[in-house]
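Engineer: Each residue of the sequence shown is one higher than the last, beginning at 567 in my numbering.
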Amino acid sequence: MSETDEKRIAPRHRVLKQGRLAFDGGGAVDCMVRNMSNTGARVEVVNPVGLPGAFTLVIPSDKFTRRCHAVWSHDKRIGVAFD
567 MSETDEKRIA
577 PRHRVLKQGR
587 LAFDGGGAVD
597 CMVRNMSNTG
607 ARVEVVNPVG
617 LPGAFTLVIP
627 SDKFTRRCHA
637 VWSHDKRIGV
647 AFD
């Protein structure tokens, strides 16, 4: 599903926050959170190859931690829905 085809439940707000995608069993990659809502977010990563379908989004500056899963991806952008 492309970003433009996505049917959002809640409106997203533009943000620019440093984050991290943490994986079960260890490991993580840095990301930039570009927009966010109560139900999901759009993040950008340097290299999306090999990312699992589910992970934890961590935004240290906000003390935010939420389990989520990927619902779409395009190049380095990933749309995630919070579990």
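Every residue, glycine too, gets a C-beta built ideally from N, C-alpha and C.
Nothing here was measured: the structure is a model prediction, and the numbers come from that model.
Tell me the start and end of each unbroken alpha helix (DSSP H) in the segment 580-633 that is at least 4 residues and wholly inside, in chain order.
Structural biologist: Entirely contained in the segment 580-633, not one alpha helix (DSSP H) run reaches 4 residues.
Engineer: According to DSSP, simplified to helix, strand and coil, what is ALA636?
Structural biologist: To locate residue 636, count along the sequence shown from 1; it is residue 70. Reduced to three states, the DSSP call for ALA636 is strand.
Engineer: Alpha carbon to alpha carbon, how far is ASP649 from SER590? Give it in angstroms, no decimals.
Structural biologist: Numbered from its first residue, the sequence shown carries residue 590 at position 24. Numbered from its first residue, the sequence shown carries residue 649 at position 83. The sequence given here has Asp at residue 590, not Ser. One C-alpha to the other measures close to 15 Å.
Engineer: How many angstroms separate the CA atom of SER627 from the CA atom of ASN604?
Structural biologist: Counted from its first residue, the sequence shown places residue 627 at position 61. Counted from its first residue, the sequence shown places residue 604 at position 38. Roughly 17 Å between the two C-alpha positions.
Engineer: Distance, Cα to Cα, VAL609 vs THR622?
Structural biologist: Start at 1 with the first residue of the sequence shown, and residue 609 comes out as number 43. Start at 1 with the first residue of the sequence shown, and residue 622 comes out as number 56. Their Cα atoms are separated by approximately 12 Å.
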